[in-house]
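Structure first, commentary second.
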Amino acid sequence: MTSVAVWGYALAAAAFGLFGVYLAAAWRGQGAGGRLLLAVGVSALWCVANAAMISGLAFAGAAAVLLAVARDAAWLAFVVGLIHQIDGSRRAWPARVAIAVIALRLLTALMTVLDLSWPIDPQRALIFLHLVAAVYALVLVEQLYRLLPSASRWGLKPFCLAMAASAVFDLYLYADAFLFGAIDRDIWSIRGLAHALVLPLIAISASRVPGWAIRLSVSREMVFHSTALAASGLYLLLVAAAGYYVRYFGGDWGRALQVTLFFAALLLLGVVAVSGTQRARLRVWLNKHLFPYRYDYRIEWLKFTRALSTHGDHQDLGQTTIRALADLVESSGGGLWLDDGQGRFVMRARLNMGESSIEESADGPLCRFLADEGWVFNLEEYRMRPKTYGELTPPRWLSELDDGWLVVPLTAGETLIGFVVLLAPRTPVDINWEVLDLLKSAQRQAASYLARMQAAEALIEARKFDAFNRMSAFVVHDLKNLVAQMSLMLKNAERHKDNPEFQADMLETVAHVEQKMRDLMQQLQKKTAIERDRQVDLGQLLERIRKQRAHLQPAVSVRVEAPAIQVRANAERLERVVGHIVQNALDATGDDGMVTACLRRLDETQALIEVRDTGCGMSPEFMRDQLFRPFQTTKASGMGIGVFEARQYVRELGGDIRVESTPGVGTTMQLTLPTQPRPDADAVALAHSDSEP
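Residue numbers (this note's numbering): 516 to 1208.
Quick look at the structure:
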């Protein structure tokens, strides 16, 4: 038993020491926490002294006797201090009696340690005073618990149980010793462990009572897994005992029955371990009995935010929202209804719930109640106390919904964007103020995510319409140019219809217009692939543009200073862009004016197309604020996208456009183009061609 006693007190010393270190780190320097820290520290020293005494170290016996008095004095002082805080003005006797008991114990301990003569046996007197101290400790615990208000008993109940258990153990030990004249060494050897076993109860009270000024925080996950592991171990011990009993009394069938029992027990343990319902019940029980609040708000908020942040598309966010809200209250699933923009709420996502085509009107009683009050609607509470929700009458489909439980509104700002119907929980959950406050905070966070998702989808849709409208504008712009060519041809036909050369030009123009319109339709219908980039000869491009406008006045003059200059581009689009700039110059210049297109090489990697006219010119304000903006034009029949498209495409090719203009004098447009393809030219051209009208 000596080794058992040494190890027992050593383990108890370690437990008290670790708990004392934790208390010292968590103590905020005030309140009853200091007295508790003192009592735990003295208890650790007392356990060390007892272990040393059993091991035969010198002076350890005297230290153990004196520290036993100090330990009891510290714990009695702590309990008396709690009583004094509650009812100190009317109850002075607990402190006086405690001082008297400790003084007598200290005197007797000194007589024993110093081996002084005494009329009575000091050892027997010391045992008797230990017995008195244990009884008085029970009296103090009873007084403390009886004086506690009902609302405060929840916090101090574990501490009172711990002190009562320790006092009862000492009462049994010293009552036995007083009756038989000697301490039972078997009982005494485990005294340290017995006192250490009550530390978890003291820790629970320390975390529950704010007045102790100790900020203890125990991980709920650690408590959950530790409890589950301890319960599993106890279960396996019971199964082992039952197996031994079956094998011992089972006769010839004993071994087979034992194996069958073990297999069935392990199978049952596995079923319980993976059961969401059983885990939920254990969590609820632990949160209810071991923690001051049901939730660890920091952990719950981080988990909730992380869940909302790891979604994919809108459907995934809907299911994630349901799951995140359901996990807060151990619900098995639910459904999400969102506003469709037409004054109706329709199901957009579900989790462990059947598909539903039910629509709830935004003007209905349920939605008005959720929008006006912002309450969580509890179907179970409504069935028991309908007056709690005023004049609200839930829709029939909700009342008849299987396992319907809670309706959680989703409000973004002051707007109801939807609601979540949660199904019945896996285990009974008390919906109190704490649960409701957490759900309200969580639903606002979820609603903000859903609102941003809806806004993003609306923006994407708006951009699609914008792209379609822009494509339509480009198409109309091209059609306008083609119509202008046809109109001019018809106008000239009145005078030159009998001219064979005019007839040939007319047929060529009609064929060109027909091919352009066919290409345009094929691109819109996506029946053929858009032409990819290729090498384009700029001199030939300018010549084609001149020929297409040969019938216009003034005549376009083309000057190629450096032949065989090529760029990599979409030939049709580049021709359209340069042709538009030339056409703008013609439109701005009178019949007696001049329009010149000049091509030259700037250096080995750049070419310059310069279109100069002697037209009306543009003001600096117009060039700065409107020239390159879409849908801005000075022409009555213009659309204002030609120059915008020109600069956009030239910049895609790696070039740029510069403009010089003087009102009444004329305009010069300079297009700088790279003669060598950029490293990403193919990728840019392919991306643009996929979106090109």
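The C-beta atom is built at its ideal place from N, Cα and C for all residues, glycine as well.
Contact defined as beta carbons within less than 8 Å: I believe residue i pairs with residue j. What is the distance between those atoms, to the nearest angstrom?
i	j	result
Thr1182	Met1109	That pair is no contact at about 12 Å.
Leu931	Ala886	4 Å
Leu708	Leu853	Between Leu853 and Leu708 the Cβ distance is about 59 Å, and since that is not below 8 Å, they are no contact.
Leu655	Pro609	6 Å
Ile837	Leu817	Their Cβ separation, rounded to whole angstroms, is 19 Å, which puts Ile837 and Leu817 out of contact at 8 Å.
Arg1074	Cys1113	5 Å
His1095	Leu1003	Not a contact, Cβ separation roughly 16 Å.
Leu749	Val761	Incorrect: roughly 19 Å between the Cβ atoms, too far for contact.
Ala649	Leu686	4 Å
Val1097	Val1071	6 Å
Ala530	Leu714	6 Å
Return the chain-ordered list of same chain residues with a C-beta closer than 8 Å to the C-beta of residue i, the five sequence neighbours on each side being excluded.
i	result
Asp699	Leu688, Asp691 and Ala692
Val521	Ala566, Ile569 and Ser570
Thr627	Val580, Pro637, Gln638 and Leu641
Leu663	Ile601 and Leu671
Ile1080	Asp1052, Leu1053, Gly1054, Leu1114, Arg1116, Ala1122 and Thr1190
Asp993	Lys1031, Leu1035 and Arg1091
Ile1124	Leu1053, Leu1057, Val1093, Ala1112, Cys1113, Leu1114, Gln1185, Leu1186 and Leu1188
Ile702	Tyr687, Leu688 and Asp691
Phe1017	Asn1007, Ala1008 and His1011
Got a sec? Which residues, its chain only, sit under 7 Å from residue i by beta carbon, not counting five neighbours each side?
i	result
Thr1129	Thr1104, Gly1108, Met1109 and Gly1181
Phe695	none
Ala575	Ala564, Ala567 and Met568
Arg770	Arg762
Leu784	Ser747 and Tyr750
Per DSSP, residue i forms a beta bridge with which residues?
i	result
Met1184	Val1126 and Val1174
Arg859	Ser876
Gln1081	Asp1052
Gln1018	Bridge partners of Gln1018: none, in fact.
Asp1118	Gln1121
Ser846	Pro940
Asp854	Phe860
Ala1112	Val1073 and Val1126
Arg865	Gly850
Val922	Phe892 and Val936
Ala927	Thr930
Pro1189	Gln1121
Leaving out the 5 sequence neighbours to the left and right, which residues in its chain are closer than 6 Å to residue i when beta-carbon positions are compared?
i	result
Ala788	none
Ala822	Thr835 and Ala839
Arg1127	Thr1111 and Thr1183
Leu951	Val891
Ala613	Leu591 and Val595
Ala711	Ala527 and Ala530
Is residue i near the ligand SAM, with its Cβ less than 7 Å from a heavy atom?
i	result
Pro924	Annotation note on the ligand SAM: not contained in the displayed structure, which lists no ligands.
Under the rule that 16 or more other beta-carbon atoms within 10 Å means buried, what is residue i, buried or exposed?
i	result
Trp1211	Lying before the first or after the last residue shown, residue 1211 is absent from the chain, which here runs from 516 to 1208.
Arg1010	exposed
Ile1045	Note that Ile1045 scores a pLDDT of 49, beneath 50, so its modelled location is shaky; the value from the coordinates is reported in the next line. Flag for Ile1045 reads buried.
Phe764	exposed
Gly535	buried
Asp1048	buried
Ala540	exposed
Ser909	According to the sequence provided, residue 909 is Pro. The question's Ser does not apply to it. With 16 or more other Cβ atoms within 10 Å, it is buried.
Ile717	buried
Asp1106	exposed
Gly549	buried
Gln857	exposed
Gly554	The amino acid at residue 554 is misidentified as Gly; the sequence shows Ala. With 16 or more Cβ atoms within 10 Å of its Cβ, Ala554 is classed as buried.
Gly869	exposed
Val1158	buried
Pro1078	exposed
Leu533	exposed
Glu888	exposed
Just checking: is the beta-carbon of residue i within a distance shorter than 8 Å of some beta-carbon in chain B?
i	result
Gln834	This model lacks chain B altogether, as it is built from one protein chain only.
Review point. Is there contact here, the stretch 712-724 with the stretch 663-678, by at least three beta-carbon pairs under 8 Å?
Key: Flag = yes, the stretch 712-724 and the stretch 663-678 touch.
Counting Cβ pairs, one atom from each stretch, are 3 or more of them under 8 Å apart for the stretch 998-1018 and the stretch 1047-1062? No contact exists between the stretch 998-1018 and the stretch 1047-1062.
Below 8 Å, can you find three or more Cβ-Cβ pairs linking the stretch 586-604 to the stretch 544-559?
Three or more beta-carbon pairs drawn from the stretch 586-604 and the stretch 544-559 are found closer than 8 Å, and the two stretches are therefore classed as touching.
* Asked: Between the stretch 672-685 and the stretch 615-627, do at least 3 Cβ pairs fall closer than 8 Å?
  -> They do not touch, by the three-pair rule.
For the structure I just gave you, are there three or more beta carbon pairs, one from the stretch 943-957 and one from the stretch 860-869, closer than 8 Å? With the cut-off at 8 Å, the stretch 943-957 and the stretch 860-869 do not touch.
(message) Tell me whether the stretch 919-933 and the stretch 879-896 touch, counting them as touching only if at least three CB pairs, one residue from each stretch, are closer than 8 Å.
(response) A contact is defined here as three or more CB-CB pairs under 8 Å, and the stretch 919-933 meets this definition with respect to the stretch 879-896.
- Query: Would you call the stretch 772-780 and the stretch 745-761 touching, i.e. three or more CB-CB distances under 8 Å?
  - Reply: By the Cβ rule, the stretch 772-780 counts as touching the stretch 745-761, because three or more pairs are nearer than 8 Å.
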